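To start, the structure under review is shown below, and the notes come after it.
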Amino acid sequence: MLIKKPTDIRPSEITSKTNYLNRREFIRAGSIASAATMAGPAVGAIVPDARREKIDGIGTSRFSTDETLNIYDDIVTYNNYYEFGTGKGDPYKNAQKFRSRPWSITVDGEAEKIGTYHFEDFIKPFDLEERIYRMRCVEAWSMVIPWVGISLADVIKHLQPNSKARYVAFETLHDPSQMPGQRRRSLNWPYREGLTIEEATNPLTIFAVGIYGEVLPNQNGAPIRLIVPWKYGFKGIKSIVRMSFVEKRPKTSWNMAASNEYGFFANVNPEVNHPRWSQARERRIGSGLFARKQATLMFNGYGEQVAHLYEGIDLRRNF
Ligand code: MTE
């Protein structure tokens with residue numbers, strides 16, 4: 486993956502910390518809608534109001550962190566979405582006209598309820614929750630993002646996989662007419678990801694459909710993307726059109742591109758460096774150009790919930 490040079494850092498990243506929305510203020514504000522407004526005047530400028538849509542009926546989660554949130558503008562303008570270009574600002578620029586509705590998701594493989602579902606029907610049976618998670622990119626930057634999502638464990642239970650379903654594979658839409666990055670071979674399209682069934686059904690894993698209490702912007706993976714907070718961000722596949730229950734470990738895009746650099750597990754691990762850079766520390770986006778990098782936590786700080794999944798596995802070899 487590309488690493489950002491200091492000259493690429495946008496002015497919004499050097500905004501003072503006082504401008505950032507704090508989790509406690511956010512709760513005090515009483516509602517997600519007012520929180521989005523509190524994030525500052527630039528909020529409305531980034532995604533046109535006509536495309537911003539509030540989501541109702543969102544519950545809270547015991548898994549949320551109370552760390553300072555990244556502001557909305559950072560989350561929606563500093564992205565990795567190679568289908569829309571490899572620059573951090575490309576997805577924001579190039580995904581505005583992407584048609585993320587109507588949308589359908591095909592479920593296939595080793596499960597009872599296979600079929601093609603309208604997005605709205607697919608998510609309808611499940612409770613929407615706000616999940617404030619740290620996101621650690623393999624490129625050594627991080628953010629804290631208030632996702633709105635549904636539990637993947639609930640989705641999987643509903644789809645009734647059988648005992649052959651040892652992995653869940655996911656695919657992004659393949660449509661070069663809408664996704665200019667797919668006209669180049671920056672990756673082997675469509676973008677693919679996968680999890681073991683135990684990882685997929687861990688209570689932390691979600692399908693996100695929103696951020697800051699609003700519908701997910703295109704550049705963040707509308708209408709539905711995966712979030713696995715203890716893994717590097719590239720596991721969080723965007724704009725999912727297929728979910729397959731399979732017996733064998735599925736092929737995944739970054740692993741296919743460079744298997745010595747990007748493993749299947751991709752658990753955040755400060756002790757296993759990327760061959761080209763250290764993973765010991767990370768730059769929190771928005772903390773300022775001259776801020777010290779902070780220590781990266783094992784499993785991105787989610788070890789209590791997930792370390793048991795990897796007992797007996799050598800995480801240096803299985804990275
Ligand atoms: N999903 C698809 N389809 N294409 C991508 O290029 N990039 C991944 C992941 N999901 C990517 C993707 C990477 S490298 C990261 S760090 C996260 O999305 C970034 O998510 P964000 O842009 O919402 O912060």
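Going by this note's numbering, the sequence shown opens with residue 486, and the numbers climb by one from there. Positions of the beta carbon are idealized from the N, C-alpha and C atoms, including for glycine. If you're wondering where the values come from, they're calculated on a predicted model, not measured in any experiment.
With fewer than 16 neighbouring CB atoms inside 10 Å of its own CB, GLY542 falls in the exposed class. One residue after another in chain order, those with a Cβ under 5 Å from a heavy atom of the ligand MTE are ASN564, ASN565, TYR566, TYR567, CYS622, THR657, TYR676, ASN705, GLY718, PHE719, GLY721, ILE722, LYS723. When the beta-carbon positions are compared, PHE655 and GLU678 come within less than 7 Å of each other.
Taking a C-beta distance under 7 Å as the contact criterion, VAL633 and VAL694 qualify as a contact pair. Counting only the Cα atoms, VAL791 lies some 9 Å from PRO688. A direct Cα-Cα distance of roughly 12 Å separates GLY773 from ASN555. Taking C-beta atoms as the reference points, GLN663 and PHE583 count as a pair closer than 7 Å.
The straight-line gap separating the alpha-carbon atoms of GLU605 and ILE798 is approximately 39 Å. For LEU613, the closest C-alpha among the options TYR697, ASP593, GLU683 is that of TYR697. Looking at the backbone, the Cα of ASN752 and that of LYS733 are separated by about 20 Å.
By the Cβ neighbour-count rule, ARG802 is exposed, with fewer than 16 other Cβ atoms within 10 Å of its own. Per the Cβ contact rule, the stretch 723-732 is in contact with the stretch 705-712 (3 or more Cβ pairs under 8 Å). Here the stretch 616-625 makes no contact with the stretch 640-647; the two share fewer than three CB pairs at distances below 8 Å. If you compare the alpha carbons of ILE635, HIS759, TRP762 with that of THR545, the shortest gap goes to ILE635. Short of 6 Å from the beta carbon of HIS603, and not among the five residues preceding or following it, lie these beta carbons of its own chain, in chain order: SER589. Separation of ASP660 and PRO675 (C-alpha to C-alpha, rounded to the nearest whole angstrom) is 9 Å. When DSSP reads this structure, GLY706 sits in no beta bridge, so it has no partner. Non-local beta-carbon contacts of SER671 in its own chain, meaning distances under 7 Å to residues more than five positions away in sequence, involve TYR567, THR571 in chain order. DSSP lists SER589 as the bridge partner or partners of HIS603. In this structure, the straight-line span from the alpha carbon of ARG537 to that of ASP575 is close to 20 Å. By a beta-carbon distance limit of 8 Å, GLY771 does not contact MET620. Their separation comes to about 13 Å. In the displayed model, PRO675 falls within coil according to three-state DSSP, outside both helix and strand. Per the coordinates, the alpha-carbon of PHE749 lies some 7 Å from the alpha-carbon of PHE804. GLY600 is not a Cβ neighbour of VAL731, given a cutoff of 7 Å.
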